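S.K.:
There are 2 protein chains.
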Amino acid sequence: MPKVDRRIMKTKEAINNAFIQLMSERDFNKITINDISERANINRGTIYLHYTDKFDLLDKCIDEHLGNMLNFCTSTKTGEERLNIFHSLLPMFKYFEENYLLYSSMLSNKGISCFHDKMIRMSINGINELINTGKINQEYNKDVDIQFMASAFVGTVEWWIKNDMPHSPQFMAQQLWNIFERNQLFNP
Amino acid sequence: MPKVDRRIMKTKEAINNAFIQLMSERDFNKITINDISERANINRGTIYLHYTDKFDLLDKCIDEHLGNMLNFCTSTKTGEERLNIFHSLLPMFKYFEENYLLYSSMLSNKGISCFHDKMIRMSINGINELINTGKINQEYNKDVDIQFMASAFVGTVEWWIKNDMPHSPQFMAQQLWNIFERNQLFNP
DNA sequence: TAATTTTTGTTCATTAATAAACAAAAGTTG
DNA sequence: CAACTTTTGTTTATTAATGAACAAAAATTA
Chain A
1 MPKVDRRIMK TKEAINNAFI QLMSERDFNK ITINDISERA NINRGTIYLH YTDKFDLLDK
61 CIDEHLGNML NFCTSTKTGE ERLNIFHSLL PMFKYFEENY LLYSSMLSNK GISCFHDKMI
121 RMSINGINEL INTGKINQEY NKDVDIQFMA SAFVGTVEWW IKNDMPHSPQ FMAQQLWNIF
181 ERNQLFNP
Chain B
1 MPKVDRRIMK TKEAINNAFI QLMSERDFNK ITINDISERA NINRGTIYLH YTDKFDLLDK
61 CIDEHLGNML NFCTSTKTGE ERLNIFHSLL PMFKYFEENY LLYSSMLSNK GISCFHDKMI
121 RMSINGINEL INTGKINQEY NKDVDIQFMA SAFVGTVEWW IKNDMPHSPQ FMAQQLWNIF
181 ERNQLFNP
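Sequence order for the protein chains is A and B. Quick note on numbering: the UniProt record's numbering labels position 124 of the first sequence as 124, and the sequence is numbered without any gaps. Quick note on numbering: the UniProt record's numbering labels position 129 of the second sequence as 129, and the sequence is numbered without any gaps.
(1) With I33/A and K54/A assumed to form a contact (beta carbons below 8 Å), what rounded beta-carbon distance in angstroms separates them?
(2) So E97/A and M165/A are in contact, right, with Cβ under 8 Å, and what is the actual spacing, rounded?
(3) Rounded to a whole number of angstroms, what is the C-alpha to C-alpha distance between S105/A and I20/A?
(4) By the three-class DSSP mapping on this structure, what secondary structure does I62/B have?
(5) Let me know if Y51/B comes out buried or exposed under the rule of 16 or more other beta-carbons within 10 Å of its beta-carbon.
(6) Check the C-beta distance from D27/B over to G111/B and give it rounded, since I have them as a contact under 8 Å.
(7) Name, please, each residue of chain A whose Cβ falls closer than 7 Å to the Cβ of R6/B.
(8) Taking 6 Å as the limit between beta carbons, can you name the residues of its chain near N29/B, skipping five residues before and five after?
(9) Find the nearest neighbour of Q184/B within the set N17/B, L107/B, Q138/B, judged by alpha-carbon distance.
(10) Below 8 Å on the Cβ atoms is my guess for F86/B versus A173/B; work out the distance and round it to an integer in Å.
(11) If you run the structure through DSSP and keep just helix, strand and coil, what is I136/A?
(12) Rounded to a whole number of angstroms, what is the C-alpha to C-alpha distance between S37/B and N17/B?
(13) Could you give the distance in angstroms between the alpha-carbon of I131/B and the alpha-carbon of F180/B?
(14) Kindly give me the distance between the Cβ atoms of Y103/A and I161/A, rounded to whole angstroms, as I take these residues to be in contact under 8 Å.
(15) Return yes when the Cβ of V154/A is within less than 7 Å of the Cβ of I120/A, no when it is not.
(16) In whole angstroms, give me the CA-to-CA distance for I31/B and N109/B.
(17) Could you check where the alpha helix (DSSP H) with S37/B kicks off and where it finishes?
(18) What distance in whole Å lies between the Cβ atoms of F186/B and I136/B, which are believed to be in contact at a cut-off of 8 Å?
(19) Based on Cα-Cα distance, which residue from K12/A, V144/A, C114/A lies nearest to N44/A?
(20) What's the C-alpha gap between I146/A and Y48/A?
(21) Output yes or no for whether 7 Å exceeds the beta carbon distance between L101/B and S24/B.
(22) In the DSSP assignment, what are the bridge partners of F186/A?
(23) Taking the alpha-carbon positions, what's the K10/A to H65/A distance?
(24) M23/A lies in the alpha helix (DSSP H); which residues open and close that run?
(25) CB-CB under 8 Å to A14/A, same chain, minus the five flanking residues each way: which ones, in chain order?
(26) Report the rounded CA-to-CA distance for K158/A versus Q170/B, giving the unit in angstroms.
(27) By the three-class DSSP mapping on this structure, what secondary structure does Y51/A have?
(28) Taking the C-alpha atoms as reference points, what is the distance between D117/A and L58/A?
(29) CA-CA distance, R7/A and F93/A?
(30) For M69/A, does the three-state DSSP call read helix, strand or coil?
(31) Measure the alpha-carbon distance for N68/B versus S123/B and round it to whole angstroms.
(32) Taking only the alpha-carbon atoms, compute the straight-line gap between E129/B and D63/B and give it to the nearest angstrom.
(33) If you follow the alpha helix (DSSP H) that M106/A is in, where does it begin and where does it stop?
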């Protein structure tokens with residue numbers, strides 16, 4: 001990958017940090033480009049060099065962080081482990097815990113649904129991968145089933161984050177795993 | 001004053017922070033321009049746009065921070081208070097306490113004497129101002145006396161900083177003030 | 001000491017960020 | 001609703017920072 005100019009890295013990080021900070025303070029529709037540029041201590045015009053508007057910024061911000069999460073969950077694993085759902089469940093909860101400020105802001109923030117939507121889409125992708133590799137009980141391979149599972153899964157995770165993470169990552173991963181087992185979701 | 005480009009502000013602050021950090025870790029002559037640019041996350045060449053070499057950087061760094069100190073000691077005061085030595089002693093000790101990392105690095109660091117020299121010069125300037133305004137007992141108005149007083153004063157402050165500030169700013173200011181009174185240094 | 005590596009200070013062409021200005025859109029106020 | 005203020009998105013000329021290259025100096029190593 002061609003190395004990125006360090007000015008771009010710094011600018012983007014400043015924008016992202018400012019944005020996440022502001023998202024934890026007030027609702028998305030109360031945040032202006034002005035606010036972001038002031039908080040990030042950069043020229044307002046500079047934001048437009050990287051993002052078309054604040055919706056684009058929100059979009060890319062979520063994409064990047066969910067991408068980091070996925071990476072974190074799969075990076076240190078072998079191909080076999082990667083498809084073992086429990087080995088990914090635990091790091092996922094841990095990652096959310098470590099980035100509490102970001103994800104709780106995103107979820108508590110009125111006026112944005114794209115975070116939820118992206119979580120759903122990510123889950124569906126994950127489920128499809130498990131189906132294609134035969135890890136999942138084929139009987140669940142219908143779009144309604146997939147949607148049902150994704151909604152349940154994402155809803156549970158979101159509930160956990162929004163309610164200040166009332167259980168440990170270990171506990172949550174184990175509980176979800178138990179549910180999956182009880183429903184014979186995974187092939188042995 | 002004409003407003004400075006915000007890029008310059010950011011670059012200088014990054015350089016200064018990196019430099020102070022490094023000064024607290026190792027001796028000045030073990031610090032390279034390379035180290036500073038890496039720590040500051042800026043291009044090495046950029047340093048040369050603002051400083052001729054690392055000695056110049058050290059010099060300007062000290063000047064700036066001692067300037068801040070002077071400012072802090074005199075800013076919130078009226079003209080009368082400003083020349084009342086006790087009203088400046090206390091804030092001085094407080095300022096050093098608040099910027100402990102910086103000043104203890106400067107003093108503990110082998111290979112630099114300019115910090116001490118600048119402190120002496122600053123004290124001499126202060127004493128001269130007090131003489132010119134008649135605040136100081138005229139009998140002390142000889143260069144040897146001035147040098148004696150400045151050395152004693154600076155040496156005491158440096159001792160306090162180097163030995164991890166064994167007394168409170170209040171105590172130090174009071175003790176110094178007592179010494180001045182005992183020697184009838186100041187006119188009533 | 002000689003060979004080698006690191007650091008320095010400078011140059012260069014290129015790119016990113018800047019301040020300032022502007023009209024249009026959106027939001028707020030009386 | 002109209003007057004007003006704020007925010008937006010874009011443009012422009014200018015400046016600062018960048019990475020890369022280089023030879024010389026300094027420091028390190030054998």
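Every residue, glycine too, gets a C-beta built ideally from N, C-alpha and C. Note that this is a predicted model, so its numbers are computed, not measured.
M.R.: In short:
(1) 6 Å
(2) 6 Å
(3) 8 Å
(4) helix
(5) buried
(6) 5 Å
(7) N41
(8) G111
(9) Q138/B
(10) 7 Å
(11) strand
(12) 11 Å
(13) 14 Å
(14) 5 Å
(15) yes
(16) 11 Å
(17) 33-40
(18) 6 Å
(19) The amino acid occupying residue 44/A in the given sequence is Arg; Asn does not appear at that position. The shortest Cα separation from R44/A among K12/A, V144/A, C114/A belongs to K12/A.
(20) 38 Å
(21) yes
(22) I136/A
(23) 17 Å
(24) 6-23
(25) A40, N41, I42
(26) In the sequence under discussion, the amino acid at residue 158/A is Glu, which differs from the Lys named in the question. In a straight line, the C-alpha of E158/A is about 53 Å away from that of Q170/B.
(27) coil
(28) 13 Å
(29) 33 Å
(30) helix
(31) 15 Å
(32) 19 Å
(33) 100-108
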